[in-house]
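Keeping their order, the protein sequence lines are chains C and U. For the first sequence, position 130 (counting from the first letter as 1) is numbered 172 according to the numbering used here, and the numbering increases by one without interruption. For the second sequence, position 18 (counting from the first letter as 1) is numbered 21 according to the numbering used here, and the numbering increases by one without interruption. Glycine is no exception: its CB is placed at the ideal position from the N, C-alpha and C atoms. Fair warning: this is a prediction, and the values are worked out from it, not measured in the lab.
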Amino acid sequence: MAVGTTRIIIWDWAVRLVHWLMVLLVPALWWSAEQGWMDWHQRFGLTLLGLVLFRLFWGFFGSRTARFVPMIRQLGALPAYVGKLSGGGGKAHFGHNPLGTLSVFALLLAVGAQLGTGLFTVDVDGLESGPLAIFVSFDTGREFADIHEFNFNIVVGLVVLHVAAIAFYYFARRDNLVGPMVTGRRAQSDFAAGAPQEIRVRPIAFVASALLSVACVYAVLNAG
Amino acid sequence: MRKIGITRIALAFAAVAMLSACGQDEEAAAPAGGDTAAAEASTEVKAQIEARQAQYKKIGGAFKTINDNLKSGSPDIAAIQAAAASLPEIAATMGDWFPEGTGPESGVKTEALPAIWENRADFDQKIAAFQAAAANLNTVAQGGDVAAIGAAFGATGGTCKACHDNFRLDD
Chain C
43 MAVGTTRIII WDWAVRLVHW LMVLLVPALW WSAEQGWMDW HQRFGLTLLG LVLFRLFWGF
103 FGSRTARFVP MIRQLGALPA YVGKLSGGGG KAHFGHNPLG TLSVFALLLA VGAQLGTGLF
163 TVDVDGLESG PLAIFVSFDT GREFADIHEF NFNIVVGLVV LHVAAIAFYY FARRDNLVGP
223 MVTGRRAQSD FAAGAPQEIR VRPIAFVASA LLSVACVYAV LNAG
Chain U
4 MRKIGITRIA LAFAAVAMLS ACGQDEEAAA PAGGDTAAAE ASTEVKAQIE ARQAQYKKIG
64 GAFKTINDNL KSGSPDIAAI QAAAASLPEI AATMGDWFPE GTGPESGVKT EALPAIWENR
124 ADFDQKIAAF QAAAANLNTV AQGGDVAAIG AAFGATGGTC KACHDNFRLD D
């Protein structure tokens, strides 16, 4: 990176924080489940539920590159984007590229399904259960447990794919996507001329999204 | 610096993927081992195994009822009492649910480990501990004191775990 290059923010701090907390929490959830530390599994799970809900609200109220609607709009450009991938070079997308958009939605969906089934899951002994399992029978809770166990493989598969894609960008396209996800910044020269301005986080939008997601988690906890 | 970052993350996830794969191998390996002799006896053995699984599901259902009510702000004591009363009845014959030949060597899918028949005395002792705890839970439940029920329920759950740790395939 040449000295003096202007670096502009493309990922707001909330997006980055949620992303890296997910990176910590998914392995922590797996590990706590393997060890049978179900009280920790539940705490981690509710934390991740709050983060995923926050990310969903942030997809509507967040900064420009966090929002879902522009991401969905550009999915039409997916075939053209994939076609050019092997060519290398080219200017970077300001925000999610069409493939990254797919990755975001697939991961949110899979993790969301994992959280949703976990809420209703009952363990084989009827001794441990998710906070909403009170609304289902033992047998139904066991079915949720089976889906919860199976779906984890999908989560792992998507994570592996996600990491592989980032490795591909790094090695095959010499495009470091991890750095901007840490610092939020990227060299302005990476983008096409007339590139967009920096993104902005509206404090009120953050407070609203955070309150909404905390309220949802609170409601889940007190539903019994 | 960035290269280290990406390598570290990739390694962490590779480790996660591999470790979870290990868990699956363990599970997949267990129900194997059926042979022709076992296949002949399998109708009866299969029925025995399925019957005991149904009994354990009843216990699980009763536990869930008690657990749900203990966790709720306004526990339904009558529901707890009914569930607690069913436990000693179901558990009374538990020692007979594991005749020789109803382990994984039968080829029937079961989480019962061969250790049951290798350490039968210990296994029977664990069952007796559960039966005593369940009887006590029932007595306490009929008293209606929620805090005392919670303690007795915890103790009963402990006897389940004590046995499952050594004699049931890790789920």
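query: As assigned by DSSP and simplified to three states, the class of residue 234(C); result: coil
query: Residue 64(U) to residue 93(U) span [Cα, whole Å]; result: 12 Å
query: Test: residue 180(C) CB closer than 8 Å to a CB of chain U; result: yes
query: Within-8 Å CB hit, residue 259(C) to chain U; result: no
query: Reduced DSSP secondary structure (H/G/I, E/B, other) of residue 164(C); result: strand
query: Under the three-state DSSP convention, the category residue 241(C) falls into; result: coil
query: Short CB-CB distance (under 8 Å) between residue 232(C) and chain U; result: no
query: Classification of residue 128(U) by the beta-carbon crowding that lies within 10 angstroms, buried from 16 upward; result: exposed
query: Continuous alpha helix (DSSP H) stretch holding residue 119(C): start and end; result: Looking at the DSSP string, residue 119(C) is not in any alpha helix (DSSP H), and its letter there is neither H nor E.
query: Chain-ordered neighbours of residue 163(U) on chain C, where CB pairs are closer than 9 Å; result: 167, 169
query: According to DSSP, residues forming a beta bridge with residue 87(U); result: Partner(s): none; residue 87(U) has no beta bridge.
query: Closest by C-alpha distance to residue 117(C), when choosing among 187(C), 141(C), 137(C), 202(C); result: 141(C)
query: Three-state class that DSSP yields for residue 32(U) in the structure shown; result: Annotation note: pLDDT 41 at residue 32(U) (below 50); position unreliable, coordinate value reported separately. Residue 32(U) falls in the helix class under three-state DSSP.
query: Any non-hydrogen atom of the ligand SAM closer than 7 Å to residue 103(C) Cβ; result: Among the components modelled here there is no ligand, and therefore nothing to report on the ligand SAM.
query: The region 132 to 139 of chain C contacting the region 169 to 184 of chain C, beta-carbon criterion three pairs below 8 Å; result: no
query: Interface partners of residue 71(U) on chain C, CB under 7 Å; result: 176
query: Alpha carbon of residue 153(C) to alpha carbon of residue 153(U), nearest angstrom; result: 33 Å
query: Backbone CA spacing between residue 65(C) and residue 57(C) [nearest angstrom]; result: 12 Å
query: Contacting positions in the region 112 to 135 of chain U - beta carbon closer than 7 Å to chain C; result: none
query: Nearest to residue 158(C) (by Cα), restricted to the options 194(C), 242(C), 144(C), 143(C); result: 194(C)
query: According to DSSP, residues forming a beta bridge with residue 51(C); result: 227(C)
query: Cutoff 8 Å: residue 44(C) Cβ touching any chain U Cβ; result: Its pLDDT being 48, under 50, residue 44(C) is placed unreliably by the model, and the measurement read from it follows with that caveat. No, residue 44(C) lies away from the interface with chain U (no Cβ there is under 8 Å from its Cβ).
query: For residue 171(U), the three-state DSSP class (helix, strand or coil); result: strand
query: Where residue 179(C) falls: helix, strand or coil (DSSP); result: coil
query: Same chain only: Cβ atoms within 8 Å of residue 218(C), ignoring 5 sequence neighbours per side; result: 211, 212
query: Where the alpha helix (DSSP H) through residue 121(U) begins and ends; result: 118 to 121
query: Residue 31(U) burial status per 10 Å Cβ neighbour count (16 or more: buried); result: Its pLDDT being 41, under 50, residue 31(U) is placed unreliably by the model, and the measurement read from it follows with that caveat. That one is exposed.
query: Under 8 Å between C-beta atoms of residue 155(U) and residue 143(U); result: yes
query: Chain U contact for residue 164(C) (CB, 8 Å cutoff); result: yes
query: Residue closest to residue 172(U), alpha-carbon to alpha-carbon, out of 115(U), 145(U), 120(U); result: 115(U)
query: Close-in-space but distant-in-sequence residues of the same chain around residue 47(C) (CB under 8 Å, 5 per side omitted); result: 229, 230, 231
query: Beta bridge counterpart(s) of residue 115(U) as assigned by DSSP; result: 171(U)
query: Residue from 100(C), 84(C), 50(C) whose Cα sits closest to the Cα of residue 61(C); result: 100(C)
query: C-alpha distance - residue 188(C) paired with residue 257(C), whole-angstrom precision; result: 28 Å
query: Contact with chain C by residue 49(U), beta-carbon distance below 8 Å; result: no
query: Residues of the region 151 to 162 of chain C whose Cβ lies closer than 9 Å to any Cβ of chain U, in chain order; result: none
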